[in-house]
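In the working numbering, the protein residues as written are 269 to 657.
Quick reminder that beta carbons are idealized off the backbone N, C-alpha and C, glycines included.
Keep in mind that this is a model prediction, so the values were computed, not measured.
Have a look at the structure below before the remarks.
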Amino acid sequence: MLSTITQSLLALTFNLGSVFAGGIVSFLSYGFIEFPWILALFPPVLTIRGDIGGILSGKLGTMLNTGRVRPSFVGNTKEFYLLLKSIFVLAFLDTLGMGLFSFFLNLGIGSAKVDHLLIYLFLPTFVCLASVTVALPITVVVAILSFRKGFNPDIVVYPAVSMMNDIIVASVFFFAVKTIERGLLSLLALFSLLSAFLVLWFCKSHIGESSFRKTIFEGVSSVFASSLLGSFSGSILTGFRLKIEGFPGLIAIYPAMMSVLGGIGSIIGSMTTTKLAIGLGRSIKQRLQIFVKDAIAVEISAFTIFCFLGLLGAFFSGGPIGSSAFALIRVSLFTNLIGFLVISIFSFVIAEGTFKKGWDPDNFVVPMVTSSADLTTTLLLFLGVYLFQ
Numbered sequence: 269m270l271s272t273i274t275q276s277l278l279a280l281t282f283n284l285g286s287v288f289a290g291g292i293v294s295f296l297s298y299g300f301i302e303f304p305w306i307l308a309l310f311p312p313v314l315t316i317r318g319d320i321g322g323i324l325s326g327k328l329g330t331m332l333n334t335g336r337v338r339p340s341f342v343g344n345t346k347e348f349y350l351l352l353k354s355i356f357v358l359a360f361l362d363t364l365g366m367g368l369f370s371f372f373l374n375l376g377i378g379s380a381k382v383d384h385l386l387i388y389l390f391l392p393t394f395v396c397l398a399s400v401t402v403a404l405p406i407t408v409v410v411a412i413l414s415f416r417k418g419f420n421p422d423i424v425v426y427p428a429v430s431m432m433n434d435i436i437v438a439s440v441f442f443f444a445v446k447t448i449e450r451g452l453l454s455l456l457a458l459f460s461l462l463s464a465f466l467v468l469w470f471c472k473s474h475i476g477e478s479s480f481r482k483t484i485f486e487g488v489s490s491v492f493a494s495s496l497l498g499s500f501s502g503s504i505l506t507g508f509r510l511k512i513e514g515f516p517g518l519i520a521i522y523p524a525m526m527s528v529l530g531g532i533g534s535i536i537g538s539m540t541t542t543k544l545a546i547g548l549g550r551s552i553k554q555r556l557q558i559f560v561k562d563a564i565a566v567e568i569s570a571f572t573i574f575c576f577l578g579l580l581g582a583f584f585s586g587g588p589i590g591s592s593a594f595a596l597i598r599v600s601l602f603t604n605l606i607g608f609l610v611i612s613i614f615s616f617v618i619a620e621g622t623f624k625k626g627w628d629p630d631n632f633v634v635p636m637v638t639s640s641a642d643l644t645t646t647l648l649l650f651l652g653v654y655l656f657q
């Protein structure tokens, strides 16, 4: 248990860096009212980033622990390279679906206009695929190095790379918004078109490979379902845009809170799927006991991180919320405690359910848990603001 606490604290600490991601997007606060699509698209883009990164890190952890991937940067297994290509295809397909759904959702509630359709299609496609291109090798390096050093990649990888991924996504998102403001949406469209040709080439070359098909077919449904939750998070944020514009500290800690809560679910979910894969815990009672022990260890670490996030939020905020560090710490801990119960139980249920159906839990657990964590964070954070302000 002490080992899990130590590794979880180390891994989740990386997520504090996601405050920088929130800080980057907070520089766009001047446009939250005029361009509501900024807030509408930022959460689902983060969600898809988390889902794709979750599938990659979860599968890498399981494959390293079971010997299907070698801890080597060159000359690796065929399954390893198919995984990387399937991840890119998965990101493209789900980003397009998310963009369309988010557009019609926000059009329905009056936060989007018909002429925003191309923005909803090309901005998330550009941001997600450009981010995946940069983040994918980073994830592989962290997974292999952590495995070589004797760490459990199921615990370390996702939370460690989540922070870097958030900063990458926020930076690319900032660049994309500025590009659109300058009237250069066509550049994002060109990138999306080139990505589409690459996706078609990957599919034509490897559709006959069972592991390639399995990752895409199972991943598409789970990631798209998860991205719907991210779209709802974006719609919720647009409803709070007046409050967010007045208190930039909220948007500064928002990605970090999502990352930490998603990290909780990722750690618990990845540990559960690996233990299912190696046959640890013969009965549901034994597996439940193992789950409770792991969950408590992870939460001890997460509680500490959320306390610090409250302090960081107070530092970045102005106005009445930012004037009281205690208020934001209460909001942060409220989000942590309720969110932990929801996400940890959900991760165990999804892992057990998919495993019993004969599916690969790594294609479902982390993307569904992390996206649920995103929506849960959004709801609890702003509920906490109203309760404790």
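Once DSSP output is grouped into helix, strand and coil, what is the label at residue i?
i       : result
Arg-555 : helix
Glu-302 : coil
Phe-659 : No statement about residue 659 is possible, as the shown extent of the chain runs from 269 to 657 and does not include it.
Pro-311 : helix
Leu-548 : coil
Gly-285 : helix
Ile-377 : coil
Pro-405 : helix
Phe-295 : coil
Leu-652 : A small correction: the amino acid at residue 652 is Gly; Leu does not occupy that position in the sequence shown. Gly-652 falls in the helix class under three-state DSSP.
Met-269 : coil
Gly-290 : helix
Measure the Cβ-Cβ separation of residue i and residue j and say whether it is below 8 Å.
i       : j       : result
Asp-422 : Met-269 : no
Thr-541 : Val-633 : yes
Leu-307 : Ser-370 : no
Thr-345 : Val-357 : no
Thr-315 : Leu-497 : yes
Val-491 : Asp-319 : yes
Ser-454 : Phe-282 : no
Thr-447 : Leu-456 : yes
Ser-612 : Leu-577 : no
Ile-535 : Ser-340 : no
Ile-292 : Ser-399 : no
Leu-389 : Gly-367 : yes
Leu-651 : Gly-607 : no
Ile-597 : Leu-284 : no
Ala-524 : Ser-294 : no
Gly-530 : Thr-407 : no
Phe-415 : Leu-332 : yes
Ser-495 : Gly-290 : no
Report buried or exposed for residue i, applying the criterion of at least 16 other Cβ atoms within 10 angstroms of its Cβ.
i       : result
Gln-557 : exposed
Pro-312 : buried
Cys-396 : buried
Ile-377 : exposed
Leu-324 : buried
Trp-305 : buried
Arg-317 : buried
Asp-362 : buried
Tyr-654 : exposed
Lys-417 : exposed
Gly-502 : buried
Phe-348 : buried
Gly-476 : exposed
Arg-550 : exposed
Phe-470 : buried
Glu-567 : buried
Glu-620 : buried
Val-467 : buried
Pro-629 : buried
Leu-452 : exposed
If you draw a straight line from the C-alpha of residue i to the C-alpha of residue j, how long is it?
i       : j       : result
Met-526 : Val-410 : 21 Å
Gly-581 : Ala-520 : 7 Å
Leu-605 : Leu-461 : 43 Å
Lys-625 : Ile-552 : 15 Å
Ile-532 : Ala-403 : 20 Å
Cys-241 : Ser-473 : Residue 241 lies beyond the stretch modelled for the chain, which goes from 269 to 657, so this question has no answer here.
Phe-614 : Ala-595 : 28 Å
Thr-272 : Phe-559 : 12 Å
Phe-480 : Leu-278 : 33 Å
Trp-627 : Glu-302 : 45 Å
Query raised in the report: What are the start and end residues of each continuous beta strand (DSSP E) run of 3 or more residues lying completely inside the segment 453-536, in chain order?
Result: Inside the segment 453-536, DSSP marks no whole beta strand (DSSP E) run of 3 or more residues.
Requested in this report: Run through the segment 566-645 for me and flag every whole alpha helix (DSSP H) of 4 or more residues, listed as ranges in chain order.
Outcome: At a cut-off of 4 residues, the continuous stretches assigned as alpha helix (DSSP H) that sit fully inside the segment 566-645 are 587-590, 593-624.
Report task. May I have a chain-ordered list of the alpha helix (DSSP H) segments no shorter than 4 residues that lie completely inside the segment 317-404? Result -> Correct list: 346-376.
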